[in-house]
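Protein chains: 2
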Amino acid sequence: MNENDTILIIDDEIQIRRLLEISLTSNGYKTIFASDGKEGLTSAATHNPSAIILDLGLPDIDGLELLVKLREWFNKPIIVLTVRNSEDDIIYALDKGANDYLTKPFRSGELLARVRTAIRLNTEKIDSPILEFGSLSIDLINHVVRKNNEIVKLTATEFSLLSLLAKNQGRVLTHQFLLREIWGYSYYEQTQYLRVFIAQLRKKIEENPSKPELLITESGIGYRFGN
Amino acid sequence: MNENDTILIIDDEIQIRRLLEISLTSNGYKTIFASDGKEGLTSAATHNPSAIILDLGLPDIDGLELLVKLREWFNKPIIVLTVRNSEDDIIYALDKGANDYLTKPFRSGELLARVRTAIRLNTEKIDSPILEFGSLSIDLINHVVRKNNEIVKLTATEFSLLSLLAKNQGRVLTHQFLLREIWGYSYYEQTQYLRVFIAQLRKKIEENPSKPELLITESGIGYRFGN
DNA sequence: AAATCTTTATAAAATCTTTATACATTCTAT
DNA sequence: ATAGAATGTATAAAGATTTTATAAAGATTT
Numbered sequence: 251m252n253e254n255d256t257i258l259i260i261d262d263e264i265q266i267r268r269l270l271e272i273s274l275t276s277n278g279y280k281t282i283f284a285s286d287g288k289e290g291l292t293s294a295a296t297h298n299p300s301a302i303i304l305d306l307g308l309p310d311i312d313g314l315e316l317l318v319k320l321r322e323w324f325n326k327p328i329i330v331l332t333v334r335n336s337e338d339d340i341i342y343a344l345d346k347g348a349n350d351y352l353t354k355p356f357r358s359g360e361l362l363a364r365v366r367t368a369i370r371l372n373t374e375k376i377d378s379p380i381l382e383f384g385s386l387s388i389d390l391i392n393h394v395v396r397k398n399n400e401i402v403k404l405t406a407t408e409f410s411l412l413s414l415l416a417k418n419q420g421r422v423l424t425h426q427f428l429l430r431e432i433w434g435y436s437y438y439e440q441t442q443y444l445r446v447f448i449a450q451l452r453k454k455i456e457e458n459p460s461k462p463e464l465l466i467t468e469s470g471i472g473y474r475f476g477n
Numbered sequence: 251m252n253e254n255d256t257i258l259i260i261d262d263e264i265q266i267r268r269l270l271e272i273s274l275t276s277n278g279y280k281t282i283f284a285s286d287g288k289e290g291l292t293s294a295a296t297h298n299p300s301a302i303i304l305d306l307g308l309p310d311i312d313g314l315e316l317l318v319k320l321r322e323w324f325n326k327p328i329i330v331l332t333v334r335n336s337e338d339d340i341i342y343a344l345d346k347g348a349n350d351y352l353t354k355p356f357r358s359g360e361l362l363a364r365v366r367t368a369i370r371l372n373t374e375k376i377d378s379p380i381l382e383f384g385s386l387s388i389d390l391i392n393h394v395v396r397k398n399n400e401i402v403k404l405t406a407t408e409f410s411l412l413s414l415l416a417k418n419q420g421r422v423l424t425h426q427f428l429l430r431e432i433w434g435y436s437y438y439e440q441t442q443y444l445r446v447f448i449a450q451l452r453k454k455i456e457e458n459p460s461k462p463e464l465l466i467t468e469s470g471i472g473y474r475f476g477n
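Chains A and B are the protein sequences, given in the same order.
Under the working numbering, think of the first position of the first sequence as 251, with each following residue one higher.
Under the working numbering, think of the first position of the second sequence as 251, with each following residue one higher.
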């Protein structure tokens, strides 16, 4: 379930960090910590966590500013956890892209439930468990791809790439986006990786790999799955 | 924006209903009310609201039961709004599919922000801005252009030019402006580029490329999309 | 040792730029 | 008012550049 979910905590209070670490790790999450805004930004970029818990009172920049900066590219849940209880802050944070807003002191069971909810809402509309496209089926939960009911053997990277494209069927995903999502934040220039893996996928899932009907090239932009 | 969003309020307290009605309608939402669980279920089914605000203390059945029943088929946001403040209730409600949980008394600005957030999170990945012009559609986010529902393959530059013109439908954009926006600041004299690309676009999207109806020439000035 | 991922090399394809040419429109001098 | 010049436009096509597909070698991981 949440075995691979990493939560980034951006907060400089030692006690809060301890508390969060205990309750999150004992519920199967991995945790990373950042104690100021700058560290938070780079950590989000390098680790690509499944969610961020963000304090607003940071030593270097205001948490709401950081929220806005993160939202320029970070599309996973951001849960604000802060002592600031003014309605203005709450409204501002939610309207700037926060998924939830909790005030300290907080109850750790509730926080956990809200983390679960945020992650669930973020993934459920994408992850219908089995995607079907003609004779191709992609089982996202069991990591199994079938073509004409026969299992196609894909490597981990091939599967990630295929499922990311398939989940966004009909949409052009840019080279940058694909590279950042699958290889990591700093790999956005390694376009060649994509070409190699797209070619491998086409060999495995296309009826006629030289005339692809599923994995479509958008020259100069990226790739698209299906129409 | 939220002009067509209808919110169903399932709550039997008159004062809460009045308060919610005022703040929601004055922010552009339509409201429907149900005062017990049974009415709530049928109302959700018949009106298919964009979100539900659910009180847990209902006269006929427990709100958490109703939540579970609703979630069997209702996939839009459900925001629980209740006096019940026990952590168990909060965790249970969130894990059973509530999108948010607010306790009474509540601040109406915050409630509105949470409603906005819930609706945004529910829809943001599903629909993207699509420009429609007769049989032509331009999906700006997914970078897909369709004519009579068939995908028109455009190059990156062609797409930029078309979407820039279409976003400014009816407005004349000068040669200089178009060249600077798409090719770069110093390209403002390369009017010939525009002619070449406009001609290519007309071949791809006009019914009759020699009598353009979408990409209109404004001689000596620039080009215009549509009327 | 086998499988997978990364990197390099190269040919092919697609796209963009530039040139050439024909057509259309506006302006000007008679 | 009209011939002719000047300006603006459409389009095809050649040339240059960028992007892509693919195989295969090297590195890394399992």
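Glycine included, each C-beta is placed from N, C-alpha and C at the ideal position.
Q) Between the region 264–277 of chain A and chain B, which residues of the former have CB atoms less than 9 Å from a CB of the latter, in chain order? A) Considering only beta carbons, no part of the region 264–277 of chain A lies closer than 9 Å to chain B.
Q | Simplified DSSP state of V446 (chain A), which is helix, strand or coil | A | Three-state result, V446 (chain A): helix.
Q) Does I260 (chain B) come within less than 8 Å of chain A when only Cβ atoms are used? A) False, the Cβ-Cβ gap to chain A never drops below 8 Å.
Q. Hey, quick one: how far does the alpha helix (DSSP H) through G313 (chain A) stretch, first residue to last?
A. Residues G313 to R321.
Q.
With a threshold of 8 Å on Cβ separation, who are the neighbours of F409 (chain A) within its own chain once the five nearest residues in sequence on each side are excluded?
A. H393 and V395.
Q) Bridge partners of A301 (chain B), per DSSP? A) Paired residue(s): B:I257.
Q | Given D241 (chain B) as reference, the closest of B:H297, B:G347, B:F427 and B:R334 once Cα atoms are compared | A | Shown here, chain B extends from 251 to 477; a query on residue 241 (chain B) therefore has no answer.
Q.
Is T405 (chain B) close to chain A? Criterion is C-beta to C-beta, closer than 8 Å.
A. Closer than 8 Å to some Cβ of chain A, the Cβ of T405 (chain B) qualifies, so yes.
Q: Excluding the 5 residues preceding and the 5 following T467 (chain A) in the sequence, name in chain order all residues of the same chain whose CB lies nearer than 7 Å to its CB.
A: These residues qualify, in order along the chain: Y473.
**Q.** Close beta carbons around S300 (chain B), own chain, < 7 Å, minus the five adjacent residues each side
**A.** Its chain contains D255, T256, I257, K326 and I369 as the residues whose beta carbon lies nearer than 7 Å to that of S300 (chain B), once the 5 sequence neighbours on both sides are disregarded; these appear in chain order.
Q.
Can you tell me whether I264 (chain B) is buried or exposed? The criterion is at least 16 other CB atoms within 10 Å of its CB, across all chains shown.
A. By the 16-neighbour rule on beta-carbons within 10 angstroms, I264 (chain B) is exposed.
Q: Kindly list, in the order they appear in chain A, the residues whose Cβ is closer than 7 Å to that of I341 (chain B).
A: Going along chain A in sequence order, the residues near I341 (chain B) (Cβ under 7 Å) are G359, E360 and A363.
Q. Residue range of the alpha helix (DSSP H) that G359 (chain B) falls in?
A. S358 to T373 is the span of the alpha helix (DSSP H), which, as asked, contains G359 (chain B).
**Q.** Helix, strand or coil at Y438 (chain B) [DSSP, three-state]
**A.** Here Y438 (chain B) sits in coil by DSSP.
Q) Do E451 (chain A) and L465 (chain A) have their C-beta atoms closer together than 8 Å? A) It is worth fixing the name first, because residue 451 (chain A) is Leu in this sequence and not Glu. Taking 8 Å as the cut-off, the beta carbon of L451 (chain A) is found closer than this to the beta carbon of L465 (chain A).
Q. Given a threshold of 16 other Cβ atoms within 10 Å of its Cβ, counted over all protein chains shown, does N284 (chain A) qualify as buried or as exposed?
A. Contrary to the premise, residue 284 (chain A) reads as Ala rather than Asn in this sequence. Buried, since its Cβ has 16 or more Cβ neighbours within 10 Å.
Q: With a threshold of 16 other CB atoms inside 10 Å of the CB of V446 (chain A), please say whether the residue is buried or exposed.
A: Counting C-beta atoms within 10 angstroms of its own C-beta, V446 (chain A) has fewer than 16 neighbours from the protein chains shown and is therefore classed as exposed.
Q) So, helix, strand or coil for I380 (chain B), using DSSP? A) Three-state result, I380 (chain B): strand.
(Q) Any contact between the region 313–328 of chain B and the region 328–342 of chain A? By contact I mean 3 or more CB pairs, one from each, below 8 Å. (A) Fewer than three beta-carbon pairs drawn from the region 313–328 of chain B and the region 328–342 of chain A are found closer than 8 Å, and the two stretches are therefore not classed as touching.
Q: Flag this pair as yes or no: are the beta carbons of L344 (chain A) and R364 (chain B) separated by less than 8 Å?
A: L344 (chain A) places its beta carbon less than 8 Å from that of R364 (chain B).
Q. Under 8 Å between the Cβ atoms of K288 (chain B) and D312 (chain B)?
A. Taking 8 Å as the cut-off, the Cβ atoms of K288 (chain B) and D312 (chain B) do not count as close.
Q. How about R366 (chain A): is its C-beta nearer than 8 Å to some C-beta of chain B?
A. Judged by the 8 Å Cβ criterion, R366 (chain A) is in contact with chain B.
Q) Y473 (chain B) bridges to which residues according to DSSP? A) When DSSP reads this structure, Y473 (chain B) sits in a beta bridge with B:L423 and B:T467.
Q. So is S413 (chain A) buried or exposed if we call it buried at 16+ other beta carbons inside 10 Å?
A. It counts as buried.
Q: Check the DSSP bridge columns for R396 (chain B) and list the partner residues they point to.
A: Beta-bridge annotation (DSSP): R396 (chain B) is paired with B:S387 and B:I401.
Q: Under 8 Å between beta-carbons, which chain A residues line up against H297 (chain B)? List them in chain order, please.
A: Correct list: empty, because the minimum Cβ distance to chain A is about 22 Å.
Q.
Once DSSP output is grouped into helix, strand and coil, what is the label at G307 (chain B)?
A. Coil at G307 (chain B), not helix or strand.
**Q.** Assigned exposure category for K417 (chain A) - 16 Cβ within 10 Å defines buried
**A.** If you draw a 10 Å sphere on the C-beta of K417 (chain A), you find 16 or more other C-beta atoms in it, and that means buried.
Q: Scan the region 305–335 of chain A for residues whose Cβ lies nearer than 8 Å to a Cβ of chain B and list them as they occur along the chain.
A: Taking 8 Å as the Cβ-Cβ cut-off, the region 305–335 of chain A has no residue approaching chain B.
Q) L352 (chain A) bridges to which residues according to DSSP? A) Under DSSP, L352 (chain A) takes part in a beta bridge, and its partners are A:L331.
Q.
I want to see whether chain A comes within less than 8 Å of E337 (chain B), judged by CB atoms only; does it?
A. Yes, because at least one Cβ of chain A sits closer than 8 Å to the Cβ of E337 (chain B).
Q: Kindly say whether L390 (chain B), judged by its beta-carbon, lies nearer than 8 Å to any beta-carbon of chain A.
A: No, no contact with chain A.
(Q) Suppose you measure from the CA of T424 (chain A) to the CA of T292 (chain A); what does that come to, to the nearest Å? (A) Taking the straight line joining both Cα atoms gives about 22 Å.
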